[in-house]
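Notes follow the structure.
2 protein chains.
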Amino acid sequence: MNELLSDTGRKAMLEPLFAAGWAMVEGRDAIAKTYDFTDFTEAFAFMTRAALWAEKWDHHPEWSNVYKTVHVILTTHDVDGLSAQDAKLARKMDQLTT
Amino acid sequence: MNELLSDTGRKAMLEPLFAAGWAMVEGRDAIAKTYDFTDFTEAFAFMTRAALWAEKWDHHPEWSNVYKTVHVILTTHDVDGLSAQDAKLARKMDQLTT
Numbered sequence: 001m002n003e004l005l006s007d008t009g010r011k012a013m014l015e016p017l018f019a020a021g022w023a024m025v026e027g028r029d030a031i032a033k034t035y036d037f038t039d040f041t042e043a044f045a046f047m048t049r050a051a052l053w054a055e056k057w058d059h060h061p062e063w064s065n066v067y068k069t070v071h072v073i074l075t076t077h078d079v080d081g082l083s084a085q086d087a088k089l090a091r092k093m094d095q096l097t098t
Numbered sequence: 101m102n103e104l105l106s107d108t109g110r111k112a113m114l115e116p117l118f119a120a121g122w123a124m125v126e127g128r129d130a131i132a133k134t135y136d137f138t139d140f141t142e143a144f145a146f147m148t149r150a151a152l153w154a155e156k157w158d159h160h161p162e163w164s165n166v167y168k169t170v171h172v173i174l175t176t177h178d179v180d181g182l183s184a185q186d187a188k189l190a191r192k193m194d195q196l197t198t
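Quick mapping for you: the protein sequence lines, in order, are chains A and B.
Residues 1 to 98 (the numbering used here) make up the first sequence, in order.
Residues 101 to 198 (the numbering used here) make up the second sequence, in order.
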């Protein structure tokens with residue numbers, strides 16, 4: 001079962017993500033980041049790699065793509081807020097771009 | 101070069117799309133449709149197939165995905181409105197789901 005991040009878990013897991021360009025979404029317990037690639041094929045290649053991890057972990061992003069940018073929002077619907085799954089997927093997405 | 105749809109082109113190309121569930125986007129010369137699939141893998145499989153056509157035709161959607169739904173907006177940025185490319189990609193996307 002997923003659980004909402006505790007105050008300490010939140011600090012430990014989210015601070016490195018904020019340092020890496022993630023930010024809280026206004027009005028939601030969710031984090032977001034916009035990735036900018038060189039073109040559509042790079043952007044969609046990232047989405048494809050991230051999609052495989054999302055499906056493997058059964059934890060899916062809310063995301064949008066316009067040409068070479070991909071905007072990602074992560075939250076955990078069954079706990080209505082951020083869980084460790086979001087931090088894990090955020091870290092994986094960052095890894096996939098490096 | 102892309103060209104804005106003429107009045108007659110607009111009627112001929114857009115009416116069948118409206119009948120197929122596409123609609124004008126409020127405040128923009130753009131069309132949109134939301135596809136609902138059975139799960140994330142079906143939704144992302146559709147996006148992958150559509151992405152290959154988009155890249156082949158050098159005409160890319162603005163789209164978002166939340167779990168099993170995909171919301172697509174089509175417009176032609178270099179003419180700041182709808183062109184025949186949008187109708188062509190819309191028809192292809194509909195074909196991919198049948």
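Cβ atoms here follow ideal geometry from the backbone N, Cα and C, with glycine treated the same way.
This structure is a prediction, so every number in the text was calculated from the model and none was measured.
* Please confirm if A:S64 has its CB atom under 8 Å from at least one CB of chain B. => As a working note, residue 64 of chain A is residue 64 in the first sequence. Chain B contact via Cβ: present.
* **For B:W122, three-class secondary structure by DSSP** => Translated into the one-based positions of the second sequence, residue 122 of chain B becomes position 22. Correct three-state label for B:W122: coil.
* **Supposed contact pair A:T69 and A:D39 - C-beta distance, whole angstroms, cut 8 Å** => Along the first sequence, one-based indexing puts residue 39 of chain A at 39. Along the first sequence, one-based indexing puts residue 69 of chain A at 69. Not a contact, Cβ separation roughly 11 Å.
* To do: Flag this pair as touching only if the segment 107-121 of chain B and the segment 179-198 of chain B have three or more C-beta atom pairs under 8 Å; answer yes or no.
  => yes
* Asked: Using the beta-carbon count (16 or more within 10 Å), is B:K133 buried or exposed?
  -> Counting from one through the second sequence, the residue named residue 133 of chain B turns up at place 33. Burial call: buried.
* Sorted by chain position, which residues of the same chain lie with C-beta nearer than 7 Å to A:L96's C-beta, five sequence neighbours on each side aside? -> Sequence index remark: in the first sequence, residue 96 of chain A carries index 96 (1-based). So the list reads F46, R49, A50, once near-sequence residues are dropped.
* Out of B:G181, B:H160, B:W163, point me to the one whose CA is closest to B:L105's CA. => Along the second sequence, one-based indexing puts residue 105 of chain B at 5. The shortest Cα separation from B:L105 among B:G181, B:H160, B:W163 belongs to B:G181.
* **Contacts that B:E155 makes with chain A (C-beta to C-beta distance below 7 Å)** => As a working note, residue 155 of chain B is residue 55 in the second sequence. Per Cβ cutoff of 7 Å: F40, T41.
* To do: Name the two residues that bound the continuous beta strand (DSSP E) containing A:A32.
  => As a first step, residue 32 of chain A is located in the first sequence; it is residue number 32 there, counting from the start. 31-36 is the span of the beta strand (DSSP E), which, as asked, contains A:A32.
* **Terminal residues of the alpha helix (DSSP H) in which B:W163 lies** => Along the second sequence, read from residue 1 onward, the residue named residue 163 of chain B stands at position 63. Taken as a continuous stretch (DSSP letters only), B:W163 belongs to no alpha helix (DSSP H), being part of the beta strand (DSSP E) at 162-166.
* Own chain partners of A:A30 with C-beta closer than 6 Å, once the 5 adjacent residues on each side are dropped -> Counted from its first residue, the first sequence places residue 30 of chain A at position 30. Correct list, in chain order: I73, T75.
* To do: Determine which residues share a DSSP beta bridge with B:L104 and list them.
  => Locating residue 104 of chain B in the second sequence gives position 4, counting from the first residue. Looking at the DSSP assignment, B:L104 forms a beta bridge with B:S183.
* To do: Use the C-beta contact count for A:W63: other C-beta atoms within 10 angstroms, 16 or more gives buried, fewer gives exposed.
  => Against the first sequence, residue 63 of chain A aligns to sequence position 63. Buried: at least 16 other Cβ atoms inside 10 Å.
* Hey, how far is the Cα of B:D178 from the Cα of A:D78? -> Indexing the second sequence from 1 puts residue 178 of chain B at position 78. Indexing the first sequence from 1 puts residue 78 of chain A at position 78. So the two alpha carbons sit approximately 42 Å from each other.
* **Closer than 8 Å to chain A by CB, B:H160** => Within the second sequence, residue 160 of chain B is the residue found at index 60, counting from 1. Output row for B:H160: interface = yes.
* Asked: B:D194: which of B:Y167, B:W153, B:S183 sits nearest, CA to CA?
  -> Position 94 of the second sequence holds residue 194 of chain B. That would be B:W153, whose Cα lies nearest to the Cα of B:D194.
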